[in-house]
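Final position of the sequence shown in this note's numbering is 277; the numbers increase by one with none missing. Note that CB positions come from ideal geometry on N, CA and C, so glycine has one too. Note that the coordinates shown come from a computational prediction; the quantities given were computed from them, not determined experimentally. Note sheet for the following structure.
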Amino acid sequence: MSGTKRTSPGVDTAKNPLEGAELSDEHAQKLQDVQKQVERAELLLERRGLETLLPIYEKRREVAKGIPKFWPIALMNHPLIGFQAQHNIDRIALSHLEDLWVERDPKEPRCFTLEFHFKSNPYFTDSVLKKEYKYVPPPDAAGEQPDEDGLTPSMLGFTWNRDAKPSANKIDWKKPENALTKLHPRVEEDDAEGDEMPAEAGSFFNFFEIASDPFDIGTTIANEVFTDAIDYFLGNVPSDEVDSEEEESDEEDDDDDAEEIDLEKHKPKRQRKD
Numbered sequence: 004m005s006g007t008k009r010t011s012p013g014v015d016t017a018k019n020p021l022e023g024a025e026l027s028d029e030h031a032q033k034l035q036d037v038q039k040q041v042e043r044a045e046l047l048l049e050r051r052g053l054e055t056l057l058p059i060y061e062k063r064r065e066v067a068k069g070i071p072k073f074w075p076i077a078l079m080n081h082p083l084i085g086f087q088a089q090h091n092i093d094r095i096a097l098s099h100l101e102d103l104w105v106e107r108d109p110k111e112p113r114c115f116t117l118e119f120h121f122k123s124n125p126y127f128t129d130s131v132l133k134k135e136y137k138y139v140p141p142p143d144a145a146g147e148q149p150d151e152d153g154l155t156p157s158m159l160g161f162t163w164n165r166d167a168k169p170s171a172n173k174i175d176w177k178k179p180e181n182a183l184t185k186l187h188p189r190v191e192e193d194d195a196e197g198d199e200m201p202a203e204a205g206s207f208f209n210f211f212e213i214a215s216d217p218f219d220i221g222t223t224i225a226n227e228v229f230t231d232a233i234d235y236f237l238g239n240v241p242s243d244e245v246d247s248e249e250e251e252s253d254e255e256d257d258d259d260d261a262e263e264i265d266l267e268k269h270k271p272k273r274q275r276k277d
């Protein structure tokens, strides 16, 4: 009997031709240089796109002001924002929102200030609630000279967690004992460390009064809801499990606040984009 080990039929014993590929230092540097060019081009496109869209957003702003509940409905139609405003009293307070605007930092447009404009309401005296994500350039940015397109090395190396600092702004509650952030506070984990998520998000309005934004509410509103506000208002966005859970929960809610405007009844049937 032969001592040759037999393999199962169909097993390919040939060496994988993709294994062991080596990248020389020269080619690694060339790839890195090309990647930097790609990132620079993408940043320029993003900035020029924002400049082109600004007058269109301003026109949309005027149109939206004439449409009742435009911004509250657009916000609630986003699954993340709708989930974060899961308390009915939050939604009632948000129903007084009449304008939402994103003011981009002229030096670093990836940083911004969110402005929520409210009409008179029974909850707070502020007509505008703001959340700023301030651009804080790294120490080595001092003395940098922008190139012909206005870009500096630190801008090309921008990272959100390092260079954007969120703010906290206290809300002037009409009845401090009934402040929504007091009734529904954000609850941190007992042994929370680093970037660990809170145990309870609490009221949506904690977003303004607490600097940290662990749920990425600010970037979601600025880069998704604001940019595609018409689609979100009309419901022309894909739904997901969060929406389904919210709808089931809404059906079980009591009618204690029936005299208030119900945002849900203004929501058109969702349609999926082709």
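{"Check": "Between the C-alpha atoms of D108 and P149, what's the straight-line distance to the nearest angstrom?", "Outcome": "16 Å"}
{"Check": "Here's a check: name, in chain order, each residue in its chain whose Cβ is nearer than 6 Å to the Cβ of N124, leaving out the five neighbours to either side.", "Outcome": "H99"}
{"Check": "Would you identify the three-state DSSP class for A96, choosing helix, strand or coil?", "Outcome": "helix"}
{"Check": "Check this for me: beta carbons of F229 and V105, under 9 Å apart or not?", "Outcome": "yes"}
{"Check": "Tell me the rounded alpha-carbon separation between F351 and W74.", "Outcome": "Because the chain here runs from 4 to 277, residue 351 falls outside it and cannot be looked at."}
{"Check": "How is D260 classed by DSSP in three states: helix, strand or coil?", "Outcome": "In this predicted model, D260 has a pLDDT of only 46, less than 50, meaning its place in the structure is not dependable enough to derive any value."}
{"Check": "What does the alpha-carbon distance come out to for the pair M200 and Y138?", "Outcome": "24 Å"}
{"Check": "Do the stretch 182-189 and the stretch 207-221 meet, that is, are 3 or more Cβ pairs less than 8 Å apart?", "Outcome": "yes"}
{"Check": "If you draw a straight line from the alpha carbon of K133 to that of Y126, how long is it in whole angstroms?", "Outcome": "16 Å"}
{"Check": "Taking 8 Å as the limit between beta carbons, can you name the residues of its chain near D129, skipping five residues before and five after?", "Outcome": "F121, I174, D175"}
{"Check": "Of the choices I220, A171, A144, whose alpha-carbon is the least far from that of R165?", "Outcome": "A144"}
{"Check": "Please state whether DSSP places R50 in a helix, a strand or coil.", "Outcome": "helix"}
{"Check": "At what residues does the alpha helix (DSSP H) containing Y235 begin and finish?", "Outcome": "232-237"}
{"Check": "Among the residues of its own chain, which have a CB less than 8 Å from the CB of R64, if the five just before and after it don't count?", "Outcome": "D102, W104"}
{"Check": "What does the Cβ neighbour count give for L183, buried or exposed, with the cut at 16 atoms within 10 Å?", "Outcome": "buried"}
{"Check": "Classify L56 as buried or exposed, calling it buried when 16 or more other Cβ atoms lie within 10 Å of its own Cβ.", "Outcome": "exposed"}
{"Check": "Quick check: what's the CA-CA separation for N19 versus I233?", "Outcome": "51 Å"}
{"Check": "Would you mind reading off the limits of the alpha helix (DSSP H) that contains T184?", "Outcome": "183-186"}
{"Check": "Using the beta-carbon count (16 or more within 10 Å), is A167 buried or exposed?", "Outcome": "buried"}
{"Check": "Are G52 and Y136 touching if we call contact CB-CB under 9 Å?", "Outcome": "no"}
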